[in-house]
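Only one structure is covered here, and it is reproduced in the block below.
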Ligand SMILES: CC(C)(COP(=O)(O)OP(=O)(O)OC[C@H]1O[C@@H](n2cnc3c(N)ncnc32)[C@H](O)[C@@H]1OP(=O)(O)O)[C@@H](O)C(=O)NCCC(=O)NCCS
């Protein structure tokens, strides 16, 4: 299985938490240009992914999706992957990491625990009508735990 097929397969297991992105979009916007971080366990097996916008100087860099296989959560994998994106974005002189997350998801606690702050709330999606929080992490004062950086 290649990275694209892994991302598509894992993305399909979390339709409640992750917005649908068509396969050609995941391939062309994220995988082909390298705008993703693959999470691997200590045996080298793929266990999760994050996809993000290309970091640009003076602009926020948006994380579009983050997902770790259910049996591999709460081990620091996603925090370490966010740290990798934070480093990429800092090198590119982006201002902050930015994302949207439905407020009814447990993932809200994840983003907060690695230092993201709430900026605003919107009602999102015609079907689901969820409240979506916009969260951000200023890059100059990135509060991602040092242990997350140490693993990458
Ligand atoms: C959100 C997600 C990516 C987190 O991945 P993870 O690898 O388990 O996260 P980590 O182990 O790196 O957690 C880092 C910190 O967040 C906390 N955290 C993670 N998930 C949490 C949860 N569900 N509830 C409370 N805290 C949580 C951890 O306890 C840890 O805090 P600590 O450093 O104080 O111990 C994962 O739960 C997931 O894939 N969820 C389903 C998809 C999803 O909701 N994606 C996000 C949509 S916005």
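In our numbering, the protein residues as written are 137 to 288. Glycine residues also receive a C-beta, built at the ideal position from the N, C-alpha and C atoms. All values derive from a computational prediction rather than experimental measurement.
Here's a check: name, in chain order, each residue in its chain whose Cβ is nearer than 7 angstroms to the Cβ of residue i, leaving out the five neighbours to either side.
i	result
residue 203	146, 147, 150, 154, 184 and 185
residue 177	183 and 208
So, with DSSP's three-state summary, where would you put residue i?
i	result
residue 269	strand
residue 147	helix
residue 161	helix
residue 153	coil
residue 189	coil
Once the 5 residues before and after residue i are set aside, which same chain residues still bring their CB inside 6 angstroms of it?
i	result
residue 214	202 and 204
residue 142	182
Which one or two residues does DSSP pair with residue i in a beta bridge?
i	result
residue 182	176
residue 232	274
Just to check, is the beta-carbon of residue i closer than 7 angstroms to a non-hydrogen atom of ligand 1?
i	result
residue 224	no
residue 197	no
residue 150	yes
residue 193	no
residue 254	no
Between which two residues does the alpha helix (DSSP H) harbouring residue i extend?
i	result
residue 220	213-227
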